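A.B. asks: One structure coming up, written as structure tokens, with questions to follow.
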């Protein structure tokens, strides 16, 4: 039978704060186990949680960026379960009164634009991390509480997604917007952005939804689509055999490329939510919300529009530059230094992005301003475009600024007409037979003469001037 | 309201499992009676007519209290692990968890 998949995504995004949601312990990634904790993170008796104001501001910013209604009153709830990664025996989360609801995110599919509705955004604290590595822990595991209490927002979609491709496109668009908003660094490898998917299928045309399974641990764009694809096929096989899909939590095993049942989690599905008596309602002043609204950063769609209309870039170039917030920022730093957006756009797309090969831009040892300076040196004829490529390689290797490189290596372009003319005369005297051939119609030989001049000047002669002078002398 | 909350033995065993407790049958019976009594006692609240009253989420109406986002040095790991029943490196040793 043919089935139609129905998918909803729950994304956990780590808010970009220095300290935890309710405690002053650091959120720095990569610290040694249990170095970033406090009495509050560890659930010691007698401690009280105190809310991080910046985390709340970031959550509101995320909500506004995703077109949600922000609620001026929301509530903290305790979600109870007993597991070694949860020292208090409950997680502070939001349940029936989340901070924001009813938003949407536009995504661009090959078939056109699609709107994915956001059901809710709520704030919560992260749990600790269970580590099991038989080489170190043998027949035991250990718990690292560095993540315990890290501020998260959980962003839940309506079941509006209908294919693995739509799911991964949504994830990419969400990551992009959260990075633009400076809400989350989007680093999936470090666990700053994590995705669970609710997947069900139903015969095409049927109204009511099928039984869903919840997929966990799909923490890369590739896994999102692979896991969902696998699960759709698995459920179709179950239904085709005349059996029923069991509602359960399943874990994506990226090694085996399959999902498998997580029975351990099933039993724990009674969270006994109730309002946290340690925390009063979260009340947001209208003034605070409107303040955040007026200071919203420019979002990708607006930026693309500005690049094409005001900077007159092609849609493709604008799209590539805006794909990542850091790249757009780099580009803007460059054009602020030197107003030649088209040439700089080409440099960023063809040279910078190629040089970093998918690595984060922070790996680059020079700034956007430096690239702006490099292009200005071409435009004011200090160096030729060809020399600029060499300077660029040097910048990549050493991080030196372009003016320094040009100065120290003596790469300044030769623009003195007399000097170039005397070099040309010298070359012409040495190659009388090529002059004859040129005059007889072999005009390709102009390239030979240009090459000779460039060789004599180590590529520093202004190519335009060389061409003009040569043509004049050979005519 | 008159519907008396009751807790049966299955419910007690389920809660015990969630709380990682092992109960002997005799204990389960006793706890079922105790929990039933507690619920009955709390059930008196159902007699109050709350129509037209907004749900209360907190006993004292307090404004939201914030702290600034400043990170301080964490608790020293040796202190953190002082109460750990077992240490594995700098971690809390626990029974094997594999999902």
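Protein chains in written order, with my numbering: chain A, 255 to 729; chain B, 48 to 146. We put the CB at the ideal spot given by N, CA and C, even for glycine. Being a predicted model, the structure only gives us computed values, none of them experimental.
Who are the Cβ neighbours of residue 54/B in its own chain at under 6 Å, not counting the five residues just before and after it?
C.D. replies: Here the set comprises 79, 82, 83.
A.B. asks: According to DSSP, residue 528/A sits in a beta bridge with which residue or residues?
C.D. replies: Paired residue(s): 332/A.
A.B. asks: Between the beta-carbon of residue 306/A and the beta-carbon of residue 116/B, is there less than 7 Å?
C.D. replies: Yes, Cβ-Cβ distance for residue 306/A and residue 116/B is below 7 Å.
A.B. asks: Cβ of residue 141/B less than 7 Å from any chain A Cβ?
C.D. replies: Chain A contact via Cβ: present.
A.B. asks: Looking at chain B, is there any beta carbon in it that lies within less than 7 Å of the beta carbon of residue 433/A?
C.D. replies: Answer no: the Cβ-Cβ gap between residue 433/A and chain B never drops below 7 Å.
A.B. asks: Tell me whether the beta-carbon of residue 472/A lies closer than 7 Å to the beta-carbon of residue 449/A.
C.D. replies: Yes, the pair counts as a contact, with Cβ atoms nearer than the cut-off.
A.B. asks: At a CB-CB cut-off below 9 Å, which residues of chain A make contact with residue 83/B?
C.D. replies: The premise fails here: residue 83/B is roughly 17 Å from chain A at the closest Cβ pair, so nothing lies under 9 Å.
A.B. asks: Closest to residue 395/A by CA distance: which of 387/A, 540/A, 332/A is it?
C.D. replies: Ranking the options by Cα distance to residue 395/A, first place goes to 387/A.
A.B. asks: Just the Cα atoms here: how many angstroms apart are residue 735/A and residue 453/A?
C.D. replies: Past the boundaries of the shown model lies residue 735/A; chain A is included only from 255 to 729, so the question cannot be answered.
A.B. asks: Taking the beta strand (DSSP E) that residue 192/B belongs to, which residues open and close that run?
C.D. replies: Nothing can be reported for residue 192/B, as the shown portion of chain B is limited to 48 through 146.
A.B. asks: Compare the C-beta of residue 299/A with all C-beta atoms of chain B and state if any pair is closer than 7 Å.
C.D. replies: Residue 299/A does not count as touching chain B.
A.B. asks: For the beta strand (DSSP E) containing residue 259/A, name the first residue and the last one.
C.D. replies: Residues 257-268.
A.B. asks: Could you check if residue 330/A is buried or exposed, using at least 16 other CB atoms within 10 Å of its CB as the buried criterion?
C.D. replies: Its Cβ being crowded by 16 or more others within 10 Å, residue 330/A is buried.
A.B. asks: Could you tell me which residues DSSP pairs with residue 554/A in its beta bridges?
C.D. replies: Note: residue 554/A sits in no beta bridge, so no partner.
A.B. asks: For residue 422/A and residue 268/A, which I take to be in contact (beta-carbon distance under 8 Å), what is that distance rounded to the nearest angstrom?
C.D. replies: About 20 Å; that fails the 8 Å criterion.
A.B. asks: By the DSSP assignment, the alpha helix (DSSP H) with residue 570/A in it spans what residues?
C.D. replies: That run of the alpha helix (DSSP H) goes 569-576.
A.B. asks: Check each candidate in 564/A, 628/A, 560/A, 606/A and name the one with the smallest Cα separation from residue 591/A.
C.D. replies: Minimum Cα distance to residue 591/A is reached at 628/A.
A.B. asks: Using a cut-off of 7 Å between C-beta atoms, extract the partners of residue 67/B located in chain A.
C.D. replies: Those are 336, listed as they occur along chain A.
A.B. asks: Shortest alpha-carbon distance to residue 261/A belongs to which of 540/A, 654/A, 481/A?
C.D. replies: The candidate whose alpha carbon is nearest that of residue 261/A is 481/A.
A.B. asks: When the Cα of residue 420/A is compared with those of 458/A, 369/A, 435/A, 288/A, which residue comes out closest?
C.D. replies: Looking at the Cα atoms, 369/A is the closest of the given residues.
A.B. asks: Using the Cα positions of residue 371/A and residue 528/A, report the straight-line distance between them to the nearest angstrom.
C.D. replies: Near 27 Å, if we compare the C-alpha coordinates of residue 528/A and residue 371/A.
A.B. asks: Beta carbon of residue 291/A, beta carbon of residue 405/A: below 7 Å?
C.D. replies: No, Cβ-Cβ distance for residue 291/A and residue 405/A is not below 7 Å.
A.B. asks: Report the neighbours of residue 558/A on chain B: residues whose CB is nearer than 7 Å to its CB, in chain order.
C.D. replies: By Cβ distance, chain B contributes nothing, its closest Cβ being about 32 Å from residue 558/A, past 7 Å.
A.B. asks: List in chain order: all unbroken alpha helix (DSSP H) runs of 4+ residues lying wholly within the region 442-512 of chain A.
C.D. replies: As far as the region 442-512 of chain A is concerned, its whole alpha helix (DSSP H) runs of at least 4 residues are 475-494.
A.B. asks: Contact check, residue 648/A vs residue 659/A under 8 Å by CB: the rounded distance?
C.D. replies: Indeed they touch by this definition, with Cβ atoms about 5 Å apart.
A.B. asks: Note down, in chain order, every chain A residue with its Cβ under 7 Å from the Cβ of residue 89/B.
C.D. replies: Here the premise fails: no neighbours, minimum Cβ distance about 13 Å.
A.B. asks: Locate the beta strand (DSSP E) running through residue 347/A, then write down its first and last residues.
C.D. replies: Note, residue 347/A: beta strand (DSSP E), 344-347.
A.B. asks: If I'm right that residue 326/A touches residue 538/A with Cβ under 8 Å, what's the distance once you round it to whole angstroms?
C.D. replies: Rounded, the Cβ-Cβ distance is 5 Å, consistent with contact.
A.B. asks: Please report how far the alpha carbon of residue 90/B lies from the alpha carbon of residue 317/A, in whole angstroms.
C.D. replies: Cα to Cα, residue 90/B sits roughly 39 Å from residue 317/A.
A.B. asks: Tell me whether residue 76/B is buried or exposed, calling it buried when 16 or more other Cβ atoms sit within 10 Å of its Cβ.
C.D. replies: Classification for residue 76/B: exposed.
A.B. asks: I need the DSSP call for residue 691/A, collapsed to helix, strand or coil.
C.D. replies: Reduced to three states, the DSSP call for residue 691/A is helix.
A.B. asks: Which class does residue 364/A belong to by DSSP, given the choice of helix, strand or coil?
C.D. replies: Note: residue 364/A maps to coil in three-state DSSP.
A.B. asks: Would the beta-carbon of residue 418/A fall within 7 Å of that of residue 483/A?
C.D. replies: Yes, they are a contact pair.
A.B. asks: Look up residue 684/A in the DSSP assignment and say whether it is helix, strand or coil.
C.D. replies: In the structure shown, residue 684/A sits in a helix (DSSP, three-state: H, G or I).
A.B. asks: So with Cβ pairs under 7 Å, would you call residue 99/B a contact of chain D?
C.D. replies: Judged by its chain identifiers, the structure shown contains no chain D, and its protein chains are A and B.
A.B. asks: Give me the Cβ distance between residue 286/A and residue 279/A, rounded to the nearest whole Å; I'm assuming they're in contact under 8 Å.
C.D. replies: With a Cβ gap of about 14 Å, residue 286/A and residue 279/A do not count as contacting.
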